[in-house]
Amino acid sequence: MRFKTSVRNIQTFSKLTASLSSLGKVAWVRLDDTNVRFTIIPETGTQVWASFSILSIFEDYHIQSNASSNTINLELPLAPLHRALKSALNATSASIRLTKRDGIPVLSLTIITNTISSGNSASGFLNLNQSGTQDPFGDHAFREEALDAGRDREAVVTQDIPVRVLTAVSVEGIHEPRVREPDANIILPSLLQLKAISDRFTKLSLATNSGVVRGGGVNTVAPKLELSANMHGSLKLSISTDTLNISSVWTGLTNPEIAPDPGEDGEAEIRPDIRLKAQGPDAWATVRIDGRDWGRVLSVGRLGGRVIACFVNEHALILYVYLQNFDDEEDSVLTYYISSFTA
Amino acid sequence: MTILNFTLNPEAISKMHDALVCLGKFNEAVSIEASQDKLVLTALNSSKSAYASFTLVGNKFFTKFHYKQPLVRGSSQSREKFSCKIYNKALLSVFKGRVGDPSRERETAIERCEVTVQDGEGQARSRFIVKIICRHGVIKTYRLTFESVAPMHAQFTKANVNNHWAISSRTLREFVEHFGPGTEQLDIYSEDGRVSLTSYTEKIVSGNEILKQPLHTTIAVDTLEFTEFSVEEQLHIVVSVKDFKSIITHAGITATVVKACYSRPASPMQLTYTDGGGVLSEFILMTIGEVRSKSATPIPNVSRAASRAVSNRPASRQPPDATSNSGRATPSEMPPPPRTASMRERETGKSKMTRPSPPPPQPSIPSDALFVPAADGDQVWDPVNYDDDDDAMLLWDQDRGEEHNHSATLNSTRTQQNQNHPGDSRDDQNIRLAPTQRLGPTQSMTEIKGMFDD
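Written out as structure tokens, the structure reads:
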């Protein structure tokens, strides 16, 4: 079993792991010839199935496995991976390979980085000494350097992340959730705005709730945000507690056309989203979601991608997050499955 | 009777703060030793495997420094040194760092700080008195209690040291920042002009626990990265990575050169640097006993064995004046009340009482952007940790809880705030938003516009 690749897009990979690690500690990673897939199934909360074409993150990708269709399945802790990638943010190159250290399988991340202070080691002192002296003619504008100092010095950083190699049998039973056709599809507004307002609503309801139960000291009831969309370009976020009721409405958003699933015979009945659209702008599809969990989901906004939200009324919300700036956009998508709480 | 008084300018105050933060990572108490021309702050960790000391040079670090030799009890001889021990958190709450909102800082900027140490017997009071003189004539006075004990000093003999290197503190800090949390040891090794620094742990784990293993990090660099490098080839020297990190974090604050000296495994390593402003820093770390072979297989118990070896090493000893003035140091004759235990008791008791209104942590994002935080850092995407401020209340005035801080005595609310000092447990995985916005009652029209206009 072999796996070795260069990381082509360290920033994206790092942002991806940051977003995923807010939802779960460990990811199931499935690698094959064409795709790399991260799956997070926490005990409670949102499931993520993130699939990428190899070239959106990696290059010089080599995989060799005895399992059918050349796949490798790994269980990978996300926090160490993210920490390791942090070392690579300013790197000139980074590569990953699957290997063993002291008998334990590890993903070994090799990072080659220029030590930025190789020139600084001396100039740090120069600055210190010169800070007091004025230089009216700017003669010191030319920094004199030793012949040696111009040379790039490299530091090679190796970060070993412990992993478990999973057998194909142990993961074959895990499938992506199946959800009925959505009632409303809408492209979400700026996630930064949405996150800031959602976080504020959640905080407000936590504050008002805890204000009431203070003394009792129990604050286990997580606030439920109500998120609704119609098929006329509006998205509504609201929260209600005993003492307050607030909502924010976005208008002028796009309801994308979702191609009907070719497997179903779509002609037989009218699709639910078309039906909702016919009912006019006052017809909403609504889900109730945990405010904290939603805040963690929205951390995917750091990837800066386009997000389509599919509402299955009173049942589930599915987010499709597309990576920005990739031609093969359709191949690289993070899918979030968020189930709705009952009212 | 006043034994010591000295004055610090704002820059020296923040340097004092930096030193105290560093010392706090070794021991909860700081030993202070004053003599004619210097003040020495030290801390020895509980297993006696790490020792930190900062020498503040009298005529360089301080604006004013005056030490009046106290008389030895019952004789006319004077003592050359005065020493005491103070709870680090108490000092940290007085000597604040550079943190804080600069615009607010300007209003209450600190102009200088005057410290007086009084020691006396019987009715006379033994106190460490700090006066912070701020602008607009605001004076904050803190009276701290101390314990009169002579410090333990670790000594490093340079006689048979054959390995030494020196490197820019910034470069070294850059290396150390690659080390993730959770590892225990740091191995320093060199061969063929390459130096490798490896952060690892020796815990043996199996099954599901494997995934909980910390990152194993190796940094390999050219010896040219060092300003000086003279070390035996293929020698493995192992120290505690946590101690090493604590030191380098402090060293990296100023651009300086860190020098290391050591001989063999199981002998101490010395790290020294100066900041050019009258602070000499010295650290002595115990290195771990056994030489790690090249194909290192985990050796359990090594670290425990090492710390045992350290605890009875001859290097640490009582300074001579502690024995010559033993009468002063014995508890029976110790001046009035202050004991560390009672200090701690008061701390904890108080911090419980003041719990409901902790001062707001420093916002990492300017809170005037009411809804949409400035999108300058990647952290804005991190989930908000609501659990962190479970005491969040709707307050009209977020500063209300701080009012009583201006009272003249040491207040544990401040102490609490300092417990959260970012340097304490900077766990890179837990970068999260500080609760950015307390709820303001209103928002100005401009902010509303700013939000929906784009």
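Protein sequence lines correspond, in order, to chains A and B. Letter 68 of the first sequence, counting from 1, is numbered 68 in the numbering used here, and no numbers are missing. To convert, take the position in the second sequence, counting from 1, and add 343; that gives the numbering used here. The beta carbon of each residue, even a glycine, is placed where N, CA and C say it ideally should be. All of these numbers come straight from a predicted model, not from anything done at the bench.
If the cut-off is 7 Å on Cβ atoms, which residues from the segment 66-81 of chain A count as contacting chain B, listed in chain order? 75, 77, 79 and 80
Which of the residues in the segment 619-630 of chain B, read from start to end, lie with their CB under 9 Å from any CB of chain A? 619
How big is the Cα-Cα spacing for residue 553(B) and residue 35(A)? 26 Å
Chain B contact residues for residue 302(A), given Cβ-Cβ distances below 7 Å: 721 and 724
If we count the other Cβ atoms within 10 Å of its Cβ and call it buried at 16 or more, is residue 153(A) buried or exposed? Burial call: buried.
Measure the CB-CB distance between residue 8(A) and residue 58(A) and report whether it falls below 7 Å. Yes, they are a contact pair.
For the beta strand (DSSP E) that residue 157(A) lies in, which residues bound it at each end? Residue 157(A) -> beta strand (DSSP E) spans 154-162.
Output needed in chain order: residues of the segment 153-181 of chain A with a Cβ under 7 Å from some Cβ in chain B. 153, 155, 156, 157, 158, 159, 160, 161, 162 and 164
By Cβ distance below 6 Å, which residues in the same chain neighbour residue 483(B) in space, the five residues on each side in sequence not counted? 475
At 8 Å on the CB atoms, spell out the chain B contacts of residue 295(A), in chain order. 726 and 727
Roughly how many whole angstroms lie between the Cα atoms of residue 396(B) and residue 470(B)? Between residue 396(B) and residue 470(B), the C-alpha separation is close to 23 Å.
Output the boundary residues of the beta strand (DSSP E) element that contains residue 612(B). 611-617
What does the alpha-carbon distance come out to for the pair residue 1(A) and residue 603(B)? 44 Å
Give, in chain order, every residue of the segment 522-535 of chain B whose Cβ lies closer than 7 Å to some Cβ of chain A. Result list: 523.
Spatial neighbours of residue 406(B) within its chain, please: C-beta separation below 6 Å, excluding the five flanking residues on both sides. 350 and 352
Is it true that the CB of residue 158(A) sits closer than 7 Å to the CB of residue 208(A)? At the C-beta level, residue 208(A) and residue 158(A) stay beyond 7 Å of one another.
In whole angstroms, what is the alpha-carbon distance linking residue 452(B) and residue 375(B)? 27 Å
Tell me the rounded alpha-carbon separation between residue 248(A) and residue 727(B). Rounded to the nearest whole angstrom, the C-alpha separation of residue 248(A) and residue 727(B) is 20 Å.
Distance cutoff 7 Å, beta carbons only. Does residue 306(A) sit that close to anything in chain B? no
Whole angstroms is fine: what's the gap from residue 532(B)'s alpha carbon to residue 431(B)'s? Straight-line measurement puts the Cα of residue 431(B) at about 35 Å from the Cα of residue 532(B).
I need the boundaries of the alpha helix (DSSP H) containing residue 13(A), first residue and last residue. 10-21
What residue ranges within the segment 444-515 of chain B form continuous alpha helix (DSSP H) runs of no fewer than 4 residues, ordered along the chain? Counting whole runs of 4 or more residues, the segment 444-515 of chain B contains the alpha helix (DSSP H) stretches 445-450.
Three-state secondary structure (DSSP) of residue 518(B): Under the three-state reduction of DSSP output, residue 518(B) falls in the helix class.
Using DSSP's beta-bridge definition, name the partner residues of residue 186(A). 309(A)
At least one CB of chain B closer than 7 Å to the CB of residue 339(A): is that the case? no
DSSP on residue 7(A), reduced to helix/strand/coil? strand
Pairwise C-alpha distance: residue 394(B) and residue 624(B): 11 Å
Report yes or no: is there a C-beta of chain E within less than 7 Å of the C-beta of residue 568(B)? This model lacks chain E altogether, as its protein chains are A and B.
Whose Cβ in chain B lies nearer than 9 Å to the Cβ of residue 26(A)? 554
Is the segment 12-31 of chain A touching the segment 85-95 of chain A, taking contact as three or more C-beta pairs under 8 Å? Output reads yes: the segment 85-95 of chain A touches the segment 12-31 of chain A.
So does the segment 271-288 of chain A actually touch the segment 312-319 of chain A, counting three or more Cβ pairs closer than 8 Å? Taking 8 Å as the limit for Cβ pairs, the verdict is that the segment 312-319 of chain A does touch the segment 271-288 of chain A.
Buried or exposed, going by whether 16 or more other CB atoms sit within 10 Å of the CB of residue 229(A)? buried
Within the present structure, is the beta-carbon of residue 154(A) separated from the nearest heavy atom of the ligand FAD by less than 6 Å? What this structure holds is no ligand at all, so the ligand FAD is not there to describe.
Contacting residues, own chain, Cβ-Cβ under 7 Å from residue 90(A) (five flanking each side not counted): Take residue 90(A), set aside five residues on each side of it, and the residues of its chain with a beta-carbon closer than 7 Å to its own are 113, in chain order.
Counting beta carbon pairs with one atom in the segment 169-182 of chain A and one in the segment 287-305 of chain A, are three or more of them shorter than 8 Å? no
DSSP beta-bridge partners for residue 604(B)? DSSP, once it has assigned bridges, lists 507(B) and 613(B) as partnering residue 604(B).
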